[in-house]
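Undergrad: For reference, the structure I am asking about is given below.
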Amino acid sequence: MIDIVFAFLSLTAIGGGLGMIVLAQPIYSAFSLIVSMVAIAGIFALLSSPFLFAVQIIIYAGAIITLLLFVIMFLNIKNENLPQEPNKFNIIIVGAILLVPFNILIIKAFNTLPHKSMKILSTDFGSVQVFGMELFRSWLIPFELISMLLLSALVGAVVYARKEKSNG
Amino acid sequence: MSDFLLAWIVLVPLLSAVILGLLYLYSIRVAKLSNTVFSFFGLSAPFISLFIGLGFFLQMLGSDKVIIYKAYKWLQVDNLVLDMAFRADHLSIFMVLFITFVGGFIHIYAAGYMKDDAGYGKFFFYFNLFLASMLLLVLANNPIIMFVGWEGVGLCSYLLISFYYNDGENVEAGNKAFMANRAGDLGFIVGLITLFHYVGEYRFDYEGISLAIATVPLPALTFIGVSLFIGAMGKSAQIPLFVWLPDAMAGPTPVSALIHAATMVTAGVYMVARFHFIYDLIPNVGLYIAYIGAFSSLFAATIAMRQTDIKKILAYSTMSQLGYMFIAVGLGSYSVGIFHVFTHAFFKALLFMGAGAIIIALHHEQNIFKMGGMKKHTPLIYFTMLIATLAISGIPPFSGFFSKDEILLGAYARGEYLLWAIGVVTAVMTAYYMFRLFFVVFYGKNHNTKRKIEYVSGYMKIPLVILALGVILSGLVGIPEVLGGHNLIGLWLENWSNDYAEVSHNTEFILMSINVFAAFIGIFIAYKKFFNYDMTKVPKLSGLVWNKFYVDEVYNFVFVKGLQRLSSFIVIKIDINFIDMAIMELSRGFIKTGLFVSRMQNANTRYYAFIMLTGISAISMYLIIKLG
Amino acid sequence: MADSLMSYVALAMILLSIGILGVVSRKNIFIIYMSIELMLNAVNIIFVSLGRYYESMQPQIMAMLVIGIAAAEAAVFLSLIVVLYRTKKSLNPDVFTVLGQKRE
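Protein chains in written order, with my numbering: chain A, 1 to 168; chain B, 169 to 796; chain C, 797 to 900.
Okay, here's the thing in structure tokens:
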């Protein structure tokens, strides 16, 4: 049963990814990506991390891609202004061939790990409490740093996008 | 007489040349010297050599002695030792004698001929240098030293032909002589090298070679014989390397007399006689030599019949007579060939000197049809040239008769009837063109009475007389037994004679009569045509024979233009297009590669990402292979 | 299939490859951005699956931090796209070659 779920989720994720890179219009690609993100969130759930499942949906699919959709719609690109991409299939195929050795390498590397069962744990591994404890115990400083990073990103984004009054 | 004086035969003219050269430099840089200073050295040298040579000759009379003087060791390579050695045997001493005798008198003649020339000292420097080289050539004990002399006479020939260097044509004639000689020298060198390859391990002097000659395989021997003869072809102006001889007449007449009549051109004949031990073993090559001689003889005589320049007629006549000499040595009668060299030296030198005297007398006129009636103006020259012309035509009792007769007899007795026939026909033509020259110059009505006859100095007249005596007397050394003589020269050069079938005395008489008769036919035809020649009717000459069968033009087209085209082809096609192109392309290639690589910095991010991708791919493949 | 680490790794690798292909092959800057996000997600999958494998929470926390970084990056990236679009009115990153070698 779990296997079917896993297969469904992974296929959705992969399909979404492929759709994203193949579709011509950015809006459609963004929708594809949302689908993929949700599937990935499901994968997180299968991996006994309910917190990340939620975080993924809320932040990634709900904020980041939404922001992206806003920007796409804001810029209001007409179809004829889109960049011409006549060779994208060729390059995809060439790139795919080039990526094969890389994949083989990583998979071979991971193959050396002994087999362990990856069933969903019934303990509170991955629950919010455990997550929070771990976060504020050992990862406090990165947490603070992330908040500073987000602040500076925010300020930077606003500064950049100002209308050209001074240096734009 | 001690042996080392042998070296002085060569050294005296050589030293004299050096002194003359230095004196000449002095006279043009510091203070002018009078002609007498130069004459003192220039004229005494040949006669000193003559006296030394006579001394050796007398020593060698009656015996088969061979005197070899080794001056010093010249080269030593591994086992081979080459000495600067001189060899006096019957052949070389004989050559020394007449070279210095005739040469000495030509020097005296030149003192008169060149007396007004500013380069008087330079002339005698070259002349003595030439004599030294020629003597070195004949006295050498090994072929390498002979080749040194061989080259030396070639050089001096060039220097002397281009003596009047202000006229570009003379220099071209000198170049032509040198180049034709050089072409022949190539053959000579190739022959020498091949010979050396086979027999030259321990010694390379004549005696050593002749002892070892039997070990050389026949094909190689044939090749050597032919190659050496190519050298002789160049030096002695036979077909096909004869083209320089008529042009060489651009030099002063004493040069023509000495070099191109009596000495240098006979070096080829001497060489064949010297290498008789080779040519004895390859009679086929000898026959080939004889035929070349015969055809050169005929060819030259044909051209001479229509020439109008007095010196050119004599030049072609030299080539023709040289052909006779090669007939003789080709068939193996080396002594007969040398005999003809000997007699030819006298009468040809006399002819040239007489012609030079006429030219001076008529203010450098050389066209015979502008001369005429000189008999009453210059009786001495008339008389001496008559003797020489009779000699060359083969009229007894003058020397030419005996030597020419011996040659033709030898051809007939060996069964070479074609050669004999060519010889007889050429004799007719020889008599014809020589007497044509004689009659036109000395008889004929000279309508141009406004000429002033220049005085001919005594320096020039005395040698004419002496040589005329020589012409008369030189035949005496070769009077054959059939006529009561002892064939002295045949005995003297016994080692260089080959036997042939005996011919009965009657046949000999008949052959002799045919020769004389042939000469008279030629003289008669010339007499009929030219005796009372009307000078105003100068013939217009054209046609194949007059243009010397266009040989020069053919050579020019094939060799000269061919080489020019080849070198310009190489320059353009290969040097500019190919080599320069290659180097330019190499440097441009570097620049292009640089530009190409720099295009990778095109600031296109996706391009960079793609390159990164390929990089990752390559590294992964490497790691997969490495880590299994 | 859901039981082994390898399937999750394989899935992640495929998503990663798709992301790389997207960056390399598309000329539309939005697509490129989305591909980058996809790559980040693939890496997150690997992190979390390893966390489950070793039964440790650390990779999960790291994955959350990655998501935080992705958010910051999104803000900056998108504002840059807006700015650049204003200058050249094109979404093609090939247009911005000012810093590169001039083609002769």
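The C-beta atom is built at its ideal place from N, Cα and C for all residues, glycine as well.
Using a beta-carbon distance below 8 Å, is Asp3/A in contact with chain C?
TA: So, interface residue.
Undergrad: Within 8 Å of any Cβ in chain C, is that where the Cβ of Ala157/A sits?
TA: It does: the Cβ of Ala157/A has a partner Cβ on chain C nearer than 8 Å.
Undergrad: With which residues is Leu243/B paired in a DSSP beta bridge?
TA: Its beta-bridge partners are Leu250/B.
Undergrad: Which of helix, strand or coil does DSSP assign to Leu781/B?
TA: Leu781/B: helix per DSSP, three-state reduction.
Undergrad: Would you report the Cα separation of Ala802/B and Ala213/B, rounded to the nearest angstrom?
TA: Here chain B has residues from 169 to 796 only, and residue 802/B is not among them.
Undergrad: In the DSSP assignment, find the unbroken alpha helix (DSSP H) run with Tyr829/C in it and report its ends.
TA: Per DSSP, Tyr829/C belongs to the alpha helix (DSSP H) from Ile825 to Tyr850.
Undergrad: Which of the three DSSP states is assigned to Asn343/B in this structure?
TA: Of the three classes helix, strand and coil, the one that applies to Asn343/B here is helix, per DSSP.
Undergrad: Determine the extent of the alpha helix (DSSP H) in which Met597/B is found, giving its start and end residues.
TA: It spans Tyr585 to Phe610 - the alpha helix (DSSP H) in which Met597/B sits, taken as one unbroken run.
Undergrad: How close, in whole Å, do the beta carbons of Ile65/A and Ala867/C come, if the pair is a contact with beta carbons under 8 Å?
TA: Not really, about 11 Å apart at Cβ, beyond 8 Å.
Undergrad: Any beta carbon from chain A within less than 8 Å of Val872/C's own beta carbon?
TA: Yes, contact with chain A.
Undergrad: Could you list which residues in chain C have their beta carbon closer than 8 Å to that of Lys116/A, in chain order?
TA: Neighbours of Lys116/A on chain C, chain order: Leu801 and Tyr849.
Undergrad: Buried or exposed, going by whether 16 or more other CB atoms sit within 10 Å of the CB of Gly17/A?
TA: Answer is buried; the Cβ neighbour count reaches 16.
Undergrad: Rounded to whole angstroms, how far is the Cβ of Thr557/B from the Cβ of Ile526/B, which I believe are closer than 8 Å?
TA: No, Thr557/B and Ile526/B are not in contact; Cβ-Cβ is about 13 Å, not under 8 Å.
Undergrad: Span of the alpha helix (DSSP H) holding Gln856/C?
TA: Where Gln856/C is concerned, the enclosing alpha helix (DSSP H) stretches over Gln854 to Lys884.
Undergrad: According to DSSP, what are the bridge partners of Tyr851/B?
TA: This structure leaves residue 851/B out entirely; chain B is present only between 169 and 796.
Undergrad: Return the CA-CA distance between Ala96/A and Val820/C, expressed in angstroms with no decimal places.
TA: Near 11 Å, if we compare the C-alpha coordinates of Val820/C and Ala96/A.
Undergrad: Who are Lys238/B's beta bridge partners in DSSP?
TA: Paired residues: Ala253/B.
Undergrad: Can you give me, in chain order, the residues of the stretch 828-860 of chain C that have a beta carbon less than 8 Å from any beta carbon in chain B?
TA: Listed by position, the residues of the stretch 828-860 of chain C near chain B (Cβ gap below 8 Å) are Ile828.
Undergrad: So, Leu191/B versus Leu179/B, is the Cβ gap smaller than 8 Å?
TA: Contact: no.
Undergrad: By Cβ distance, which residues of its chain are closer than 6 Å to Ser404/B, with the 5 residues on each side in sequence left out?
TA: Correct list, in chain order: Val433, Gly436 and Leu490.
Undergrad: Would you say the stretch 289-304 of chain B touches the stretch 360-369 of chain B, given that touching needs at least three Cβ pairs under 8 Å?
TA: Verdict: no, contact absent.
Undergrad: Rounded C-beta distance between Arg882/C and Met118/A? I'm assuming under 8 Å.
TA: Arg882/C to Met118/A, Cβ: 49 Å. No contact.
Undergrad: Can you give me the C-alpha to C-alpha distance between Asn338/B and Ala400/B, rounded to a whole angstrom?
TA: Roughly 24 Å between the two C-alpha positions.
Undergrad: From the DSSP output, in three-state form, read off Arg474/B for me.
TA: In this structure, Arg474/B counts as coil in the three-state DSSP scheme.
Undergrad: What are the residues of the stretch 805-821 of chain C that lie near chain A, defined by any Cβ-Cβ distance shorter than 8 Å?
TA: Correct list: Val805, Ala806, Leu807, Met809, Ile810, Leu811, Ser813, Ile814, Gly815, Ile816, Leu817, Gly818, Val820 and Ser821.
Undergrad: Excluding sequence positions up to five away, which residues of its chain have a Cβ less than 7 Å from the Cβ of Glu900/C?
TA: No answer about Glu900/C holds up, because its pLDDT of 49 lies below 50 and its placement is not dependable.
Undergrad: Please list the residues of the stretch 716-739 of chain B that have a C-beta atom closer than 8 Å to any C-beta atom in chain D, keeping them in chain order.
TA: No chain D is present in this structure, whose protein chains are A, B and C.
Undergrad: Would you report the Cα separation of Gly168/A and Phe892/C, rounded to the nearest angstrom?
TA: Any reading at Gly168/A is ruled out, since the residue's pLDDT is 46, under 50, leaving its predicted position unreliable.
Undergrad: For chain B, is any of its Cβ atoms less than 8 Å away from the one on Lys108/A?
TA: Closer than 8 Å to some Cβ of chain B, the Cβ of Lys108/A qualifies, so yes.
Undergrad: Assuming Gln856/C and Ser49/A make a contact with CB atoms under 8 Å, what is their CB distance in whole Å?
TA: Yes, they are in contact, since the Cβ atoms of Gln856/C and Ser49/A sit about 5 Å apart, within 8 Å.
Undergrad: How would you label Lys290/B, buried or exposed, when you count the other beta carbons within 10 angstroms and need 16 or more for buried?
TA: Buried, because 16 or more other Cβ atoms sit within 10 Å of the Cβ of Lys290/B.
Undergrad: Rounding to the nearest angstrom, what Cα-Cα distance links Ile14/A and Leu807/C in this structure?
TA: If I take the Cα positions, the gap works out to 8 Å.
Undergrad: Hey, quick one: how far does the alpha helix (DSSP H) through Leu47/A stretch, first residue to last?
TA: First-last for Leu47/A: undefined, no H or E at that position.
Undergrad: With burial defined as no fewer than 16 other Cβ atoms inside 10 Å of the residue's Cβ, what is the status of Pro86/A: buried or exposed?
TA: It counts as exposed.
Undergrad: Report the three-state DSSP secondary structure of Arg767/B (helix, strand or coil).
TA: Coil.
Undergrad: With respect to the alpha helix (DSSP H) encompassing Phe410/B, which residues constitute its N-terminal and C-terminal limits?
TA: Unbroken run through Phe410/B: none, as it is neither H nor E.
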